[in-house]
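**Student:** The structure's right below; bear with me while I get my questions together.
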Amino acid sequence: MCSATLEQQDLVRYVNAFLAHLFPEGTWTSICVSHNEFAHIHQDFNSPESQNYTFSLGAFSGGGLWLEGDASAFPGYTLVPPPDKEADQSLRGAIVCTRRAGFSFNGRLRHCSEPWVGDRWVVIAYTAPNPDALSADDVSLLAALGFPLPRVSSTPPPPSAQGSVVATPAPDAQDILQDSTYDALLRLGFSGQVTLAHASPPCTEYSRLKLLDNAGPRPLRSPDHMEGFPDLNAEEKHRFEQSRLLLFRSLHILRAAWCGGGHISFEHPANSLAWLETQAFLKHVSADLNCIAACRFGADWYKRWLFACTWRDMQGLACACNHAPDSHQQVVGARNSDATWASAATSEFPPALAEAYVAAALPLFETCADPVDLSLAQLPFLVPKKGMHSPPFGTQDGGGIFSCPDWSKPPSDAVDVFDGLRQELVHYLLSRKAPLRLQEHVQSQCEDALFSADEVALRAMWSSWFTRKGWPAPDWKVPPSQPYCLHALSALSRAMGDRDDMLFPCLLEGIPTGFFNDIPRSNVFIPVEDVGSLASDDQLQICESNWQGPHGRWLEEVPLPEAKQRWDKIAVAKLNVVLAENKKPRLIMDGTISGTNPSCFMNEKYNLPGLQDVRSCFPLRGCHSQHAGFSLDIRAAHKAIRIKESERGLCGIKLEDGRHYWYRVCPFGTNFSALWWARLSSFMIRVFHLLLWVAHMLSIYVDDLLLVQDDAVVAVFGSLLLSFCQSFGIPLSWAKVQLSHELKWLGWCFNFRAGTFWVPEDKRTKLLQQIRVLLRKGPVEKQALEQTVGLLMWITQASVQLRPWLCNLWRDLQRPAATNFSISSSEWQTLKDHLDENLRFCSTPPGTAIPCGATLISARHVPLRSKADLCKVPLTTRRVYMRIADPQHRKRHVSEASRRFLLFWEDWCLQSPSLTCLQPSCRAISATLAADAFASSQCIGIGGFLRVQGSSAIWFSERFALSDMQCLGVPLAPDAQKNIGCWELLAQMALLILFAEVCPGGRAGLSLRTFCDNSAAESAGNRMLTTSSPLCFFAQQLACLSFKLGLTLDIQHISGFRNTEADFLSRWQPPEELQHGFELLYRYRFPVARIWQSHHDVRLFPADTKLLWQPP
1 MCSATLEQQD LVRYVNAFLA HLFPEGTWTS ICVSHNEFAH IHQDFNSPES QNYTFSLGAF
61 SGGGLWLEGD ASAFPGYTLV PPPDKEADQS LRGAIVCTRR AGFSFNGRLR HCSEPWVGDR
121 WVVIAYTAPN PDALSADDVS LLAALGFPLP RVSSTPPPPS AQGSVVATPA PDAQDILQDS
181 TYDALLRLGF SGQVTLAHAS PPCTEYSRLK LLDNAGPRPL RSPDHMEGFP DLNAEEKHRF
241 EQSRLLLFRS LHILRAAWCG GGHISFEHPA NSLAWLETQA FLKHVSADLN CIAACRFGAD
301 WYKRWLFACT WRDMQGLACA CNHAPDSHQQ VVGARNSDAT WASAATSEFP PALAEAYVAA
361 ALPLFETCAD PVDLSLAQLP FLVPKKGMHS PPFGTQDGGG IFSCPDWSKP PSDAVDVFDG
421 LRQELVHYLL SRKAPLRLQE HVQSQCEDAL FSADEVALRA MWSSWFTRKG WPAPDWKVPP
481 SQPYCLHALS ALSRAMGDRD DMLFPCLLEG IPTGFFNDIP RSNVFIPVED VGSLASDDQL
541 QICESNWQGP HGRWLEEVPL PEAKQRWDKI AVAKLNVVLA ENKKPRLIMD GTISGTNPSC
601 FMNEKYNLPG LQDVRSCFPL RGCHSQHAGF SLDIRAAHKA IRIKESERGL CGIKLEDGRH
661 YWYRVCPFGT NFSALWWARL SSFMIRVFHL LLWVAHMLSI YVDDLLLVQD DAVVAVFGSL
721 LLSFCQSFGI PLSWAKVQLS HELKWLGWCF NFRAGTFWVP EDKRTKLLQQ IRVLLRKGPV
781 EKQALEQTVG LLMWITQASV QLRPWLCNLW RDLQRPAATN FSISSSEWQT LKDHLDENLR
841 FCSTPPGTAI PCGATLISAR HVPLRSKADL CKVPLTTRRV YMRIADPQHR KRHVSEASRR
901 FLLFWEDWCL QSPSLTCLQP SCRAISATLA ADAFASSQCI GIGGFLRVQG SSAIWFSERF
961 ALSDMQCLGV PLAPDAQKNI GCWELLAQMA LLILFAEVCP GGRAGLSLRT FCDNSAAESA
1021 GNRMLTTSSP LCFFAQQLAC LSFKLGLTLD IQHISGFRNT EADFLSRWQP PEELQHGFEL
1081 LYRYRFPVAR IWQSHHDVRL FPADTKLLWQ PP
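Mapping the sequence shown onto UniProt numbering, position 491 (from 1) lands on 491, and the numbers just tick up by one.
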């Protein structure tokens, strides 16, 4: 070991972990990393019978390993003399390629390097001579660094991939305050490989003892100051923040294991202040709170531990002290003879408690004769690899219908056209330390370009590549009014044989807008059928409203009369500025009002990637390495595309002083701008895929690009993409470039090392504010409702089962608040002449201010649904008052169904931010689930069961009165039979809760196939949507429950006469005898409130335990 070993411990662990992945049976004591070092012929005198383990990487060709041997040692290889000029040329051996491939050999054989071209790294692991001479301390340190040591006198048994595994991180690797350690444990927890996770973070800074003893250490918090006392000094604030972070990270790791389908337990002293900060966590996992008295396990202290557990067998550990007061040693404020605090000793569990805990947990595990420990460096390899053909598959990357985001392996039809060029560019970038400069650039958020003007000599390499491919060197000139090297990009498109062969001819000439139906197809987007008619000049408008705003190089001032002579078609649009927090103002031209958008025919449509595409592509297939992300933002994307000169008249604006300006480039807000930018960005994605080639995930959403790769290479290939952009004149927002394991894209926060994503706190706060505005009594502003719907549309990308319930909010948007209008009785008969069949006003009745487009709802309190209903209105000599809904009205009413949905999201916003797994665990389960319900007058019954082959059925059966349902707040018929579909869905909800409680995989994103004999419940349960009341309220509750539990129902219809078991359970009442296969021991009870308000089920054991805080 040398000083570098101790200084770079994380690197050493990483290299060892990677070697262990390549050589799972290998052992070594030493590693050597060389960079561009030629190894002359030699022999290694390592430990006898040991092997050398090696691999190489980098952008190089050649560079293999020559190894002495005959034909029997290397069947199929050509024997050649050593490629070392200093070696005996009479020797014979084979050259083995080790680039990105592991190879083991006997180091005592003569070997040397093969010459190479490029940048070459080599890693070699070997066993030093006489490993038995290692001291016990050396062995412990090497083991902590991840070295798989050969078995010597002081070495523990090596890790094995077989049997039960207990992960025990080395002391210096236990700190979950280190991001790398924390992320690795999160990734493992979400993977579904953890059976039981336990956490006992230090309780020192959460102890109530500090509040009782003024002579002891100063407390940092109290029940009234959980955010810390206001007078904490800098050192105390640091301790406070560290203790809270340690607690929250422990809870997040436990929650990850729980969401992955495992069980968890969390321990702290019974009255620790930490319990005040775990309330949401306890509710989320429905924990049992098992209070344990120290004296019941052989410790003579007045001490209680509290274990929050999800494994119900842990309830057996709960016990109370039954001794008289003052029977035990008091540790509060007491000191030992050495002046240390006596309470410190109580943080260690007595051996008897540890043994009892293990005994309670053992039923979760398979028995193993030879259990082993794993080092933390080996834990990532417990996470299953994603198979090359395992679903899900990402489909959208912004590159068109023939492109996909997941390039874990290049598509079978892809040709590596940039092979030699890629190596040349990477070698150049490495020589200029571009990856390191990129990391520094990102940290400083520098707005300058990464590469200087002289480094755009990269263009010479591109020119050389064109020449080698038989194409003339490209023209690097930049055409006016736009930033791209269009001639060079056009040449690149032709050299690649890109499908969109008309893109760059149009960009060079100026793009057509589609007004004359003349946009050439891209051949990579979805064709749209031609409507067969050209736009009319009558559709184009000259808006006279003035605009006071910026104008610049993208605009040309042309007086309106001159513009009419210069261009055949003229349209002047309104403009607006979009203001968003932390963003620069954005100028938008409303091409719809001016008639430009309706007049321009878009002959293709395209799709953009979203959150689900990122989730479907994560992790890279067949990859065990850690991932990181790279993101860039292309600046002024739309305004970098020139408009065809003859069609520029369609993009005019008017300033406040009366002057008219006309866009030279595509303005933001027109449909043709979006289409042409989508074509250009899709070309970039297709080029970038080929340029990267090695395993990656790549997508672009409008102008935001995301690259996900192995964190060891992402900085290199991120630099490669930036060099391309700078060489070809693609403008970037350099301050927005991101390179990290954790970054933000499309508003979501991602941590690719931990495999998680989450909603940023500012968006949760914004949603909460908007929801509370809508939940106020009375009508709400239409704009407020629109903003909430938009934000929920974005958030429900992560919870698609809840998206159908946005329809209630959409319906509220389409239902403007009604206003009273009146008309004389004598004119009532003529009202029908101003209405269409849907009671919408097509003209304004004389003498009224009723607007066209408004809808007649009622008159004299008589609801109206068609013209035929007009005769139902009683007429007198008095005026007829009508309720009329004007779609232009600014007010809207929030329906009851929408309010329930908004209350669910309000509760979600108030919970602590939770991490969601990018790759939900995929667990298969073979089980039979069925539920049924019956109803008769005032009586309701539900029943269902879960049966796994080889086990007894777990079941529920409940009988309710209709009056029991009043707590639901749902409008129900007086005869329970009329709402039988509702009770069927209630039974399905109970079945969901049953499965989640008894099956460890209940949180692992399973799709459960259940049986139901009611068609209405089957339809509503599968679609999670119905507008029929009161069934809609039950379907909405089922959708919310499905989201909370991470379960999706696949309800299959079963004929009633075949659903005999579930039907029997729904009608069963004790003391009636149960059917064969059902035992009372396995019955679960589900009161109405527990099914309907299934927020949590936290229980305290023993039930009479006294605490200084209130469990949820």
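We put the CB at the ideal spot given by N, CA and C, even for glycine.
So residue 666 and residue 685 are in contact, right, with Cβ under 8 angstroms, and what is the actual spacing, rounded?
**Tutor:** No, residue 666 and residue 685 are not in contact; Cβ-Cβ is about 19 angstroms, not under 8 angstroms.
**Student:** Spatial neighbours of residue 156 within its chain, please: CB distance less than 8 angstroms, with the 5 preceding and 5 following residues excluded, ordered by chain position.
**Tutor:** In this prediction, residue 156 scores a pLDDT of 40, lower than 50, which makes its location untrustworthy; no coordinate-derived value is stated.
**Student:** What are the residues that DSSP puts in a beta bridge with residue 269?
**Tutor:** DSSP lists 305 as partners of residue 269.
**Student:** Per DSSP, which residues does residue 574 bridge with? Please list them.
**Tutor:** DSSP lists 590 as partners of residue 574.
**Student:** What does residue 135 pair with, by DSSP beta-bridge criteria?
**Tutor:** According to DSSP, residue 135 bridges with nothing at all.
**Student:** For residue 843 versus residue 834, is the C-beta distance shorter than 8 angstroms?
**Tutor:** Yes, Cβ-Cβ distance for residue 843 and residue 834 is below 8 angstroms.
**Student:** If you draw a straight line from the C-alpha of residue 365 to the C-alpha of residue 618, how long is it?
**Tutor:** So the two alpha carbons sit approximately 29 angstroms from each other.
**Student:** Which residues in the same chain as residue 625 place their Cβ atom closer than 6 angstroms to its Cβ, once the five residues preceding and following it in sequence are excluded?
**Tutor:** Counting only Cβ-Cβ distances below 6 angstroms, and skipping sequence neighbours, we find 710.
**Student:** CA-CA distance, residue 92 and residue 82?
**Tutor:** Approximately 7 angstroms, taken between the alpha carbons.
**Student:** Please check the pair residue 116 and residue 95, which I expect to be a contact at CB under 8 angstroms, by giving their CB distance rounded to whole angstroms.
**Tutor:** No, residue 116 and residue 95 are not in contact; Cβ-Cβ is about 11 angstroms, not under 8 angstroms.
**Student:** Contact between the stretch 886-897 and the stretch 780-788: three or more CB pairs below 8 angstroms?
**Tutor:** With a cut-off of 8 angstroms, the stretch 780-788 and the stretch 886-897 count as touching, because enough Cβ pairs lie within range.
**Student:** Please report how far the alpha carbon of residue 311 lies from the alpha carbon of residue 864, in whole angstroms.
**Tutor:** Residue 311 and residue 864: Cα-Cα distance of roughly 59 angstroms.
**Student:** Near residue 41, which residues of its chain fall below 6 angstroms by C-beta distance, leaving aside the five closest residues on each side in sequence?
**Tutor:** So the qualifying residues of the chain are 82, 84, 87, 110, 112.
**Student:** Considering only residues of the same chain and omitting the five flanking positions on each side of residue 848, which have a CB-CB separation below 7 angstroms?
**Tutor:** Answer for residue 848: 821, 823, listed in chain order.
**Student:** Output the residue ranges of the alpha helix (DSSP H) runs that lie fully inside the stretch 208-278 and measure 4 residues or longer, sorted by chain position.
**Tutor:** You should have 209-212, 234-259.
**Student:** Are the beta-carbon atoms of residue 270 and residue 305 separated by less than 8 angstroms?
**Tutor:** In contact: residue 270 and residue 305 (Cβ atoms closer than 8 angstroms).
**Student:** What is the DSSP secondary structure of residue 65, counted as helix, strand or coil?
**Tutor:** If DSSP states are grouped into helix, strand and coil, residue 65 belongs with the strands.
**Student:** Can you have a look at residue 122 and say buried or exposed, based on whether 16 or more other CB atoms are within 10 angstroms of its CB?
**Tutor:** Result: buried.
**Student:** Would you mind reading off the limits of the alpha helix (DSSP H) that contains residue 666?
**Tutor:** Neither: residue 666 is in no alpha helix (DSSP H) and is coded neither H nor E.
**Student:** Could you tell me if residue 54 is buried or exposed, where buried requires 16 or more neighbouring beta carbons within 10 angstroms of its beta carbon?
**Tutor:** Per the 10 Å Cβ criterion, buried.
**Student:** Between which two residues does the beta strand (DSSP E) containing residue 740 stretch?
**Tutor:** Here the beta strand (DSSP E) through residue 740 covers 738-740.
**Student:** Please return the same chain residues whose Cβ sits closer than 7 angstroms to the Cβ of residue 274, not counting the five positions on each side in sequence.
**Tutor:** Correct list, in chain order: 203, 206, 247, 268.
**Student:** Residue 799 to residue 871, Cα distance in whole Å?
**Tutor:** Taking the straight line from one Cα to the other gives about 48 angstroms.
**Student:** On the DSSP bridge list, what partners appear for residue 604?
**Tutor:** Beta-bridge pairing links residue 604 to 527.
**Student:** Are the CB atoms of residue 8 and residue 108 nearer to each other than 8 angstroms?
**Tutor:** Not a contact, by the Cβ cut-off of 8 angstroms.
**Student:** Expressed to the nearest angstrom, what Euclidean distance is found between the alpha-carbon atoms of residue 371 and residue 614?
**Tutor:** Using only the alpha carbons, I get a separation of about 37 angstroms.
**Student:** Apply the 10 Å Cβ neighbour rule to residue 875 and answer buried if 16 or more other Cβ atoms are within range, or exposed otherwise.
**Tutor:** Classification of residue 875: exposed, given that the 10 Å Cβ count is below 16.
**Student:** So, with DSSP's three-state summary, where would you put residue 754?
**Tutor:** Coil, per DSSP.
**Student:** By Cβ distance, which residues of its chain are closer than 6 angstroms to residue 51, with the 5 residues on each side in sequence left out?
**Tutor:** Around residue 51: 104.
**Student:** Smallest Cα separation from residue 141: which of 30, 430, 177?
**Tutor:** Comparing Cα positions, the closest option is 30.
**Student:** If we count the other Cβ atoms within 10 Å of its Cβ and call it buried at 16 or more, is residue 237 buried or exposed?
**Tutor:** Classification of residue 237: exposed, given that the 10 Å Cβ count is below 16.
**Student:** If you measure between the beta carbons of residue 904 and residue 1061, is that distance less than 8 angstroms?
**Tutor:** Cβ atoms of residue 904 and residue 1061: not closer than 8 angstroms.
**Student:** Taking the alpha carbon of residue 190 as the point to measure from, which residue in 242, 252, 200, 221 has its own alpha carbon closest?
**Tutor:** For the residues 242, 252, 200, 221, the minimum Cα distance to residue 190 belongs to 252.
**Student:** By how many angstroms is the C-alpha of residue 10 removed from the C-alpha of residue 996?
**Tutor:** Approximately 39 angstroms between the Cα atoms of the pair.
**Student:** Specify the secondary structure class of residue 109 as computed by DSSP and reduced to three states.
**Tutor:** Reduced to three states, the DSSP call for residue 109 is coil.
**Student:** Inspect the beta-carbon positions of residue 519 and residue 649 and report whether they are closer than 8 angstroms.
**Tutor:** No, they are not a contact pair.
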